[in-house]
Amino acid sequence: MAMALRALGRRISHSDRFFSSLSEAAKPPSDGKLINLFTAINQALHIALDTDPRSYVFGEDVRFGGVFRCTTGLTDKFGRDRVFNTPLCEQGIIGFAIGLAAMGNRAIAEIQFADYIYPAFDQIVNEAAKFRYRSGNEFNCGGLTVRSPYGAVGHGGHYHSQSPESFFCHVPGLKVVIPRSPRQAKGLLLSCIRDPNPVIFFEPKLLYRLSVEEVPEDDYMLPLSEAEVIRQGSDITLIGWGAQLSILEQACDAAAKEGISCELIDLKTLIPWDKETVESSVRKTGKLLISHEAPVTGGFGAEISASIVERCFLRLEAPIARVCGLDTPFPLVYEQFYLPTMNKILDAIKATVKY
Amino acid sequence: MVTTPVLLLLTTVVTIRPFADSSLHSSMAASAVVRRLSSAPLHDHRLLRPFSTTGSESTITVETSVPFTGHKIDPPSRSVETTPFELLSFFRDMSLMRRMEIAADSLYKSKLIRGFCHLYDGQESIAIGLEAAITKKDAIITAYRDHCIYLGRGGTLVESFAELMGRRAGCSKGKGGSMHFYKKESGFFGGHGIVGAQVPLGCGLAFAQKYLKEGTVSFALYGDGAANQGQLFEALNISALWDLPAILVCENNHYGMGTAEWRSSKSPAYYKRGDYVPGLKVDGMDVLAVKQASKFAKEYALKNGPIILEMDTYRYHGHSMSDPGSTYRTRDEISGVRQERDPIERIRKLLLSHEIATVSDLKDIEKEVRKEVEEAIAQAKENLMPDPSELFTNVYVKGFGVEVSGNASDVSFGADRKEVKAILP
Chain A
1 MAMALRALGR RISHSDRFFS SLSEAAKPPS DGKLINLFTA INQALHIALD TDPRSYVFGE
61 DVRFGGVFRC TTGLTDKFGR DRVFNTPLCE QGIIGFAIGL AAMGNRAIAE IQFADYIYPA
121 FDQIVNEAAK FRYRSGNEFN CGGLTVRSPY GAVGHGGHYH SQSPESFFCH VPGLKVVIPR
181 SPRQAKGLLL SCIRDPNPVI FFEPKLLYRL SVEEVPEDDY MLPLSEAEVI RQGSDITLIG
241 WGAQLSILEQ ACDAAAKEGI SCELIDLKTL IPWDKETVES SVRKTGKLLI SHEAPVTGGF
301 GAEISASIVE RCFLRLEAPI ARVCGLDTPF PLVYEQFYLP TMNKILDAIK ATVKY
Chain B
1 MVTTPVLLLL TTVVTIRPFA DSSLHSSMAA SAVVRRLSSA PLHDHRLLRP FSTTGSESTI
61 TVETSVPFTG HKIDPPSRSV ETTPFELLSF FRDMSLMRRM EIAADSLYKS KLIRGFCHLY
121 DGQESIAIGL EAAITKKDAI ITAYRDHCIY LGRGGTLVES FAELMGRRAG CSKGKGGSMH
181 FYKKESGFFG GHGIVGAQVP LGCGLAFAQK YLKEGTVSFA LYGDGAANQG QLFEALNISA
241 LWDLPAILVC ENNHYGMGTA EWRSSKSPAY YKRGDYVPGL KVDGMDVLAV KQASKFAKEY
301 ALKNGPIILE MDTYRYHGHS MSDPGSTYRT RDEISGVRQE RDPIERIRKL LLSHEIATVS
361 DLKDIEKEVR KEVEEAIAQA KENLMPDPSE LFTNVYVKGF GVEVSGNASD VSFGADRKEV
421 KAILP
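Chains as they are written, first to last, in this note's numbering: chain A, 1 to 355; chain B, 1 to 425.
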């Protein structure tokens with residue numbers, strides 16, 4: 001059953017319509033309604049709470065539906081004992097969630113914006129990530145899932161736009177998962193909740209309303225630690241995650257007009273990441289470009305770059321390009337200069353291909 | 001003692017302002033005086049600087065709306081001394097703040113201000129009352145609801161509006177926005193986005209002030225939402241341990257974004273949260289109470305260490321401009337507070353009852369304030385956005401450490417950083 005689901009998931013995910021209408025593979029009929037990202041996440045949470053009576057959703061302002069409407073209807077259906085608000089204390093929220101998870105419950109904690117996750121950083125890194133390890137598998141907080149909206153949104157400024165995924169990618173014991181679209185989000189979130197390890201699930205807030213897709217209404221899970229090739233190509237491999245993939249897709253289309261065939265990979269799970277898929281793609285194309293919103297220095301692109309160089313050094317035909325956010329705090333009025341826009345990516349694609 | 005108001009006002013004018021125009025017809029005296037008083041320092045759209053009460057000026061004694069409640073401390077008296085000039089300046093300055101916030105509301109709706117905008121209307125009395133009790137050498141630090149505090153610290157309207165609209169004449173050069181106003185020369189340390197993070201900072205400021213031995217204190221403002229942050233209690237403990245002149249001011253407007261205080265806090269008596277640190281509960285909508293409490297707190301902190309002030313206040317707008325402010329509280333509640341406790345109305349009633357000014361005088365002041373705000377907005381609108389090269393400045397000292405290849409606006413990271421450039425759209 002699980003295998004069939006997984007195969008189904010893979011088949012569906014290969015051909016999903018996201019932003020572009022130039023998807024190459026034929027789309028199988030999909031039994032779903034057109035919904036946006038926050039509705040998909042909402043459905044996933046409904047299913048998670050339905051299927052496991054010991055799961056709880058909590059965070060700041062989640063009861064009325066949350067500031068992004070991801071938790072609407074949960075309190076009405078499952079009651080205040082299972083869906084409840086916390087006071088304004090991130091460290092407290094996560095510490096509390098870890099304790100709840102340590103007693104065998106599924107604690108789905110929400111941090112209202114990823115920019116606010118830092119007070120909880122110690123709890124996540126020192127308590128959650130190392131719990132199983134330091135207790136010799138006597139205890140664990142695998143039931144912990146931390147959901148948080150991340151990423152640029154056009155007017156977020158310093159504290160409503162950050163992408164902190166790379167901080168957590170540096171911590172063995174955690175999983176970091178980032179969906180790119182509603183169908184991915186629902187399947188991945190259910191996998192994260194049911195995964196027996198602590199997971200941080202970053203949701204691209206720009207896509208909450210913007211990204212609309214057909215999503216099956218039933219319970220389905222998408223595999224973690226499996227990257228997905230969403231576009232086949234032969235000249236260069238592009239890697240991204242979350243909202244950045246739509247920018248990468250636009251760059252792919254623009255590059256195609258200039259005769260460059262790009263292979264686009266959605267990493268989905270950042271740690272532990274799918275090195276095999278990326279490696280086989282780079283062995284095919286010989287060139288790699290990574291793009292993410294977080295600042296370039298120390299961003300997760302650096303890890304991908306270093307690992308691929310280790311594995312594919314002789315096959316690489318050009319230095320690995322990273323088109324990422326600049327090394328400044330996320331700016332207020334200069335957002336469009338800071339972000340890795342399509343033009344920057346296109347330029348880098350061309351430079352890499354012609355290296 | 002107020003005997004003949006007009007005469008006394010003339011006397012007051014003569015004492016304070018030796019250049020006052022003496023040819024005043026008695027019935028026009030008040031309004032002309034007010035106009036004279038208010039036009040003098042305002043060519044750059046600042047607030048009137050309240051003068052501290054000295055011997056020869058007439059003083060009025062007013063009782064605060066409610067007595068203070070103390071936690072492990074004897075509260076100060078409810079009788080506050082003030083002067084007609086001070087009351088007038090309170091009125092004018094609070095009206096200016098009110099008008100600025102309302103103007104910011106419409107600027108936001110017309111998309112000239114983008115991002116986040118947290119408005120302070122309803123809470124002006126805290127900013128004004130605080131300023132009346134302290135000097136510019138004392139430090140204030142607050143969270144993101146900082147426009148009026150900035151004005152209170154001596155900021156100008158043009159700088160505020162320019163910053164809100166992201167222009168280069170703004171107080172943070174357009175790089176901070178609504179949540180990050182600063183003014184170093186007046187001891188205003190901003191303007192912080194992360195809830196509660198400014199409180200340990202404020203205690204650190206007090207720590208430095210203790211070394212400086214200048215008899216100055218720090219006020220760390222935070223909201224009822226932030227009162228449950230762990231770092232606050234860490235800061236309190238350290239301040240109490242080392243007897244720092246830190247005053248923690250909880251601006252309790254009863255709602256942390258959309259969450260009412262009784263839903264987020266086991267004990268909404270924030271002035272008692274310090275436990276071993278004494279606290280005072282103040283009616284934050286009464287500017288004279290705020291002034292009295294701040295004066296009291298400053299004296300206390302300089303001698304004994306930290307103290308908490310809980311200001312019972314209210315914000316008319318929602319948490320920010322994205323919040324209508326009516327989904328978690330009733331419109332009746334909002335209008336009720338506006339009728340019963342509005343800080344500006346309280347001062348208006350005082351001014352009228354003590355016959356310091358007439359209804360038309362006060363209306364004149366409001367009109368003038370409105371005009372000033374409009375002029376400041378017009379001036380700010382003409383200002384330019386910062387240069388794109390500003391994206392890289394001040395990350396470190398003098399741009400050191402940030403990689404810029406060639407022209408600051410052509411930056412890309414490609415196959416070969418030295419040669420690849422992208423022209424930005």
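Even for Gly, the Cβ is constructed at its ideal location relative to N, Cα and C.
To the nearest angstrom, report how far apart residue i and residue j are at their CA atoms.
| i | j | result |
| --- | --- | --- |
| PRO28 (chain A) | SER181 (chain A) | Legend: pLDDT at PRO28 (chain A) = 41, less than 50; position of this residue unreliable, value from coordinates given subsequently. Going from the Cα of PRO28 (chain A) to the Cα of SER181 (chain A) covers about 17 Å. |
| VAL34 (chain B) | LEU88 (chain B) | With a pLDDT of 45 at VAL34 (chain B), under the threshold of 50, the predicted position of this residue should be treated as unreliable, and no value is reported. |
| ARG99 (chain B) | LEU164 (chain B) | 15 Å |
| SER56 (chain B) | PRO386 (chain B) | For SER56 (chain B), the predicted structure reports a pLDDT of 42, less than 50, and the residue's modelled location is therefore unreliable. The matter cannot be settled from this model. |
| VAL359 (chain B) | ARG114 (chain B) | 37 Å |
| GLY136 (chain A) | ASP274 (chain A) | 27 Å |
| VAL277 (chain B) | GLN198 (chain B) | 19 Å |
| LYS349 (chain B) | ILE365 (chain B) | 15 Å |
| LEU189 (chain A) | LYS291 (chain B) | 53 Å |
| SER191 (chain A) | GLU203 (chain A) | 14 Å |
| SER65 (chain B) | VAL287 (chain B) | 10 Å |
| PRO216 (chain A) | PRO179 (chain A) | 16 Å |
| MET94 (chain B) | PRO75 (chain B) | 26 Å |
| ILE108 (chain A) | VAL282 (chain B) | 39 Å |
| TYR133 (chain A) | ALA289 (chain B) | 56 Å |
| ALA169 (chain B) | THR216 (chain B) | 30 Å |
| ILE271 (chain A) | ARG145 (chain B) | 38 Å |
| ASP138 (chain B) | GLY152 (chain B) | 13 Å |
| ASP31 (chain A) | LEU210 (chain A) | 21 Å |
| SER77 (chain B) | GLU333 (chain B) | 30 Å |
| GLY258 (chain B) | PHE96 (chain A) | 22 Å |
| GLY336 (chain B) | ARG329 (chain B) | 12 Å |
In chain B, which residues lie less than 7 Å from residue i when you measure between Cβ atoms?
| i | result |
| --- | --- |
| ASP61 (chain A) | MET257, GLY258 and THR259 |
| HIS158 (chain A) | GLY193 |
So who's on the other strand from residue i, going by DSSP bridges?
| i | result |
| --- | --- |
| ASN137 (chain A) | Answer is none; ASN137 (chain A) lacks a bridge partner. |
| VAL356 (chain A) | Because chain A here runs from 1 to 355, residue 356 (chain A) falls outside it and cannot be looked at. |
| ASP195 (chain A) | Looking at the DSSP assignment, ASP195 (chain A) forms no beta bridge with any residue, so it has no partner. |
| ALA220 (chain B) | B:ILE141 and B:LEU248 |
| THR39 (chain A) | Looking at the DSSP assignment, THR39 (chain A) forms no beta bridge with any residue, so it has no partner. |
| PRO149 (chain A) | A:GLU203 |
| ILE236 (chain A) | A:CYS262 |
Along chain A, in chain order, which residues have C-beta atoms closer than 8 Å to that of residue i?
| i | result |
| --- | --- |
| ASN228 (chain B) | PRO87, LEU88, CYS89 and GLY92 |
| LEU391 (chain B) | LEU326, THR328, PRO331, TYR334, PHE337 and TYR338 |
| VAL431 (chain B) | Chain B is shown from 1 up to 425; residue 431 (chain B) falls before or after that span and cannot be answered. |
Would you mind telling me which residues of chain B sit closer than 9 Å to residue i, beta carbon to beta carbon, in chain order?
| i | result |
| --- | --- |
| HIS155 (chain A) | ARG114, GLY115 and PHE116 |
| SER38 (chain A) | A quick correction: the sequence has Phe, not Ser, at residue 38 (chain A). Ordered by position in chain B, no residue passes the 9 Å Cβ test against PHE38 (chain A), which lies about 16 Å from the chain. |
| PHE168 (chain A) | The premise fails here: PHE168 (chain A) is roughly 18 Å from chain B at the closest Cβ pair, so nothing lies under 9 Å. |
| PHE64 (chain A) | GLY258, THR327 and TYR328 |
Considering only the beta carbon of each residue, do residue i and residue j sit closer than 8 Å?
| i | j | result |
| --- | --- | --- |
| LEU332 (chain A) | HIS158 (chain A) | yes |
| THR313 (chain B) | ASN252 (chain B) | yes |
| ILE260 (chain A) | VAL353 (chain A) | yes |
| ILE141 (chain B) | ALA127 (chain B) | no |
| ASP219 (chain A) | THR39 (chain A) | no |
| SER305 (chain A) | ILE320 (chain A) | yes |
| PRO245 (chain B) | SER265 (chain B) | no |
| ALA48 (chain A) | ILE230 (chain A) | no |
Give me the chain A residues within the contact set of residue i, using Cβ-Cβ distance strictly less than 7 Å, ordered along the chain.
| i | result |
| --- | --- |
| MET385 (chain B) | VAL333 |
| LYS272 (chain B) | None at all; the shortest Cβ gap to chain A is about 17 Å. |
| PRO388 (chain B) | TYR334 and PHE337 |
| GLY166 (chain B) | LEU332 and VAL333 |
If the cut is a Cβ gap below 9 Å, which residues of chain A does residue i touch?
| i | result |
| --- | --- |
| SER265 (chain B) | PRO87 |
| GLY176 (chain B) | GLY157, HIS158 and LEU332 |
| GLY154 (chain B) | Those within 9 Å of GLY154 (chain B) in chain A number zero; the least Cβ separation is about 23 Å. |
Starting from residue i, find everything on chain B with Cβ-Cβ shorter than 8 Å and list it in chain order.
| i | result |
| --- | --- |
| TYR116 (chain A) | ILE194 and VAL195 |
Are the region 96 to 114 of chain B and the region 158 to 172 of chain B touching, with three or more C-beta to C-beta distances below 8 Å?
yes
Three Cβ pairs or more, each shorter than 8 Å: is that satisfied between the region 287 to 294 of chain A and the region 244 to 259 of chain A?
yes
Touching or not, the region 64 to 75 of chain A and the region 90 to 98 of chain A, by the rule of three or more beta carbon pairs under 8 Å?
no
Would you check if there are 3 or more beta carbon pairs closer than 8 Å linking the region 248 to 263 of chain A to the region 228 to 239 of chain A?
yes
With contact counted as at least three CB pairs below 8 Å, one residue from each stretch, are the region 175 to 186 of chain B and the region 196 to 214 of chain B in contact?
no
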